[in-house]
Amino acid sequence: MKILQIKNDNPGLMKRPVDFLYTCYFIARIFVALLIDLVPIYPEKLTLERLTKLQLWYLSTFKDPLMGWKSYPGGWFFSFILCEAFFQLPLFFYGIQGLYYNDPRVQIPILIYATHTATTVFACLFELIFFNVYFITLKDKMILVFLYLPFFIIPCIMILDMVSRLKHRLIIDIKHN
Numbered sequence: 003m004k005i006l007q008i009k010n011d012n013p014g015l016m017k018r019p020v021d022f023l024y025t026c027y028f029i030a031r032i033f034v035a036l037l038i039d040l041v042p043i044y045p046e047k048l049t050l051e052r053l054t055k056l057q058l059w060y061l062s063t064f065k066d067p068l069m070g071w072k073s074y075p076g077g078w079f080f081s082f083i084l085c086e087a088f089f090q091l092p093l094f095f096y097g098i099q100g101l102y103y104n105d106p107r108v109q110i111p112i113l114i115y116a117t118h119t120a121t122t123v124f125a126c127l128f129e130l131i132f133f134n135v136y137f138i139t140l141k142d143k144m145i146l147v148f149l150y151l152p153f154f155i156i157p158c159i160m161i162l163d164m165v166s167r168l169k170h171r172l173i174i175d176i177k178h179n
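The numbering of the sequence shown is the numbering used here, which starts it at 3 and goes up by one.
Printed below as a string of structure tokens:
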């Protein structure tokens, strides 16, 4: 019995708008990860001054208590940063390549990524909305929620899409066997 038979018809990324959106999302996530999210874990001697300034600008502009992890909130959020560095970042590159070549083998890793990301961002959104941080106004909280929201919504769409694609592949495989 063949399970998830690989069939690669590549009509080109521009003819697959959803895959194009995911590719753009992953490219944007690479830059956000490298330039903002992961700066706190870079060794101080290797951190470029511009990256530190960008991080400080982000923190002072948006007053994000999560990204100011050295003082708050601590371990749980730091674990999310490590997951982003060692799980998500490599997957962004793999996802871009797989989507570009329309490789169906990328669907399961994207599903895993999307599930992980939606779960972690949901925790961050919940924390931002319900935790009473004295230095953040309601307006600041709403801005942060809207900054984080796309990083929740797009992975949720990915989950539904990848489950649908995998289900379709399984149905086709079952019909052919």
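Ideal Cβ positions, reconstructed from N, Cα and C, are used throughout, including at glycine.
Keep in mind that this is a model prediction, so the values were computed, not measured.
Q: Go ahead and pull the three-state DSSP assignment for D66.
A: Taking the sequence shown and counting its residues from 1, one reaches residue 66 at position 64. Here D66 sits in coil by DSSP.
**Q.** Nearest-angstrom Cα separation, counted from T122 out to L58
**A.** Counted from its first residue, the sequence shown places residue 58 at position 56. Counted from its first residue, the sequence shown places residue 122 at position 120. Roughly 23 Å separates the two Cα atoms.
Q. From L40 to H170, what does the alpha carbon distance come to, in whole angstroms?
A. Along the sequence shown, read from residue 1 onward, the residue named residue 40 stands at position 38. Along the sequence shown, read from residue 1 onward, the residue named residue 170 stands at position 168. Roughly 37 Å between the two C-alpha positions.
(Q) I'd like to know if the segment 12 to 25 and the segment 101 to 108 are in contact, where contact means that at least 3 CB-CB pairs between them fall below 8 Å. (A) Contact holds: three or more Cβ-Cβ distances are below 8 Å.
Q: Determine, using beta carbons only, whether K143 and L130 come nearer to each other than 7 Å.
A: By 1-based counting over the sequence shown, the position of residue 143 is 141. By 1-based counting over the sequence shown, the position of residue 130 is 128. Cβ distance < 7 Å, so K143 and L130 count as in contact.
Q. Can the beta-carbon of I2 be found closer than 7 Å to that of T117?
A. This structure cannot speak to residue 2, because the chain is shown only from 3 to 179.
**Q.** C-alpha distance - L146 paired with G100, whole-angstrom precision
**A.** Along the sequence shown, read from residue 1 onward, the residue named residue 146 stands at position 144. Along the sequence shown, read from residue 1 onward, the residue named residue 100 stands at position 98. The straight-line gap from Cα to Cα measures roughly 31 Å.
Q: May I ask which residues mark the beginning and end of the alpha helix (DSSP H) holding D142?
A: Counting from one through the sequence shown, the residue named residue 142 turns up at place 140. D142 -> alpha helix (DSSP H) spans L140 to Y150.
Q: May I ask you to report which of helix, strand or coil DSSP gives G100?
A: Within the sequence shown, residue 100 is the residue found at index 98, counting from 1. Three-state DSSP puts G100 in a helix.
Q) With C-beta atoms as the reference, is L93 less than 7 Å away from P111? A) Sequence index remark: in the sequence shown, residue 93 carries index 91 (1-based). Sequence index remark: in the sequence shown, residue 111 carries index 109 (1-based). Going by C-beta atoms, L93 is nearer than 7 Å to P111.
Q. Which value, in whole angstroms, describes the spacing of the CA atoms of I38 and L56?
A. Translated into positions along the sequence shown, residue 38 becomes position 36. Translated into positions along the sequence shown, residue 56 becomes position 54. Distance between the alpha carbons of I38 and L56: 7 Å.
Q | Reference F95, options T49, I174 and C26, closest by Cα | A | Position 93 of the sequence shown, counted from the first residue, corresponds to residue 95. Of the listed residues, the one whose Cα sits closest to F95 is C26.
(Q) Assuming contact is defined by CB atoms lying nearer than 7 Å, are L127 and A35 in contact in what I supplied? (A) Taking the sequence shown and counting its residues from 1, one reaches residue 127 at position 125. Taking the sequence shown and counting its residues from 1, one reaches residue 35 at position 33. Not closer than 7 Å, so no.
Q) Distance, Cα to Cα, D163 vs T119? A) Position 161 of the sequence shown, counted from the first residue, corresponds to residue 163. Position 117 of the sequence shown, counted from the first residue, corresponds to residue 119. Looking at the two C-alpha atoms, the distance is approximately 15 Å.
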